[in-house]
Amino acid sequence: MKDNVRDFKVYKGNGKTPSVLMPRFIRDVRTPNSERYSIIMGEDFELIGTLDLHISDIIQSTLVIVPNVDQDTLELLVGLIKMELLAPLELDIESFNIFKGVSDFIVLEEEDFFDEDDDD
54 MKDNVRDFKV YKGNGKTPSV LMPRFIRDVR TPNSERYSII MGEDFELIGT
104 LDLHISDIIQ STLVIVPNVD QDTLELLVGL IKMELLAPLE LDIESFNIFK
154 GVSDFIVLEE EDFFDEDDDD
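Going letter by letter, the sequence shown gives residues 54 to 173 in the working numbering.
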């Protein structure tokens, strides 16, 4: 059985395109059978989506991206995911689901989780 734990590198471009404009994958979580990546892009490293990979004998992928990502960027992103993250695993892809702008993006701050009156 193939060992699915591997070293991770941030995609930095191909040398022909300024790398700051290329999508970058930041691994947030890794377990023996899954990985989650934040996808950032642009000069301000704006979060444009997340990628969940569930890995066993096959790969199941779910990509969730913000609604303002254009079709060309989406195609580039899918190509990079296949080339940089999936191909090295040498496994068949069972599913690759893409959800674009399915809901609003809400950020909760640390103080949203704790009651200000709580002294603990």
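Virtual Cβ for every residue (Gly too), placed ideally from N, Cα, C.
Since residue i and residue j are thought to touch, with beta carbons under 8 Å apart, how far apart are those beta carbons, to the nearest angstrom?
| i | j | result |
| --- | --- | --- |
| Ile112 | Glu147 | 6 Å |
| Ile93 | Val122 | With a Cβ gap of about 12 Å, Ile93 and Val122 do not count as contacting. |
| Ser114 | Phe152 | Their Cβ separation, rounded to whole angstroms, is 11 Å, which puts Ser114 and Phe152 out of contact at 8 Å. |
Count the other C-beta atoms from every protein chain shown that fall within 10 angstroms of the C-beta of residue i, then say buried if there are 16 or more, exposed otherwise.
| i | result |
| --- | --- |
| Pro141 | exposed |
| Glu88 | buried |
| Lys55 | Any reading at Lys55 must be qualified, since the residue scores a pLDDT of 42, below 50, and its modelled position is unreliable; the value itself is stated next. Looking at its Cβ environment, which holds fewer than 16 other Cβ atoms inside 10 Å, Lys55 is exposed. |
| Leu161 | exposed |
| Pro85 | exposed |
What are the boundary residues of the alpha helix (DSSP H) that includes residue i?
| i | result |
| --- | --- |
| Gly132 | 124-133 |
Can you look up residue i in the DSSP assignment and give me helix, strand or coil?
| i | result |
| --- | --- |
| Glu147 | strand |
| Met136 | helix |
Could you check whether the segment 116-127 touches the segment 79-86, counting it as contact only if at least three pairs of C-beta atoms, one from each stretch, sit closer than 8 Å? no
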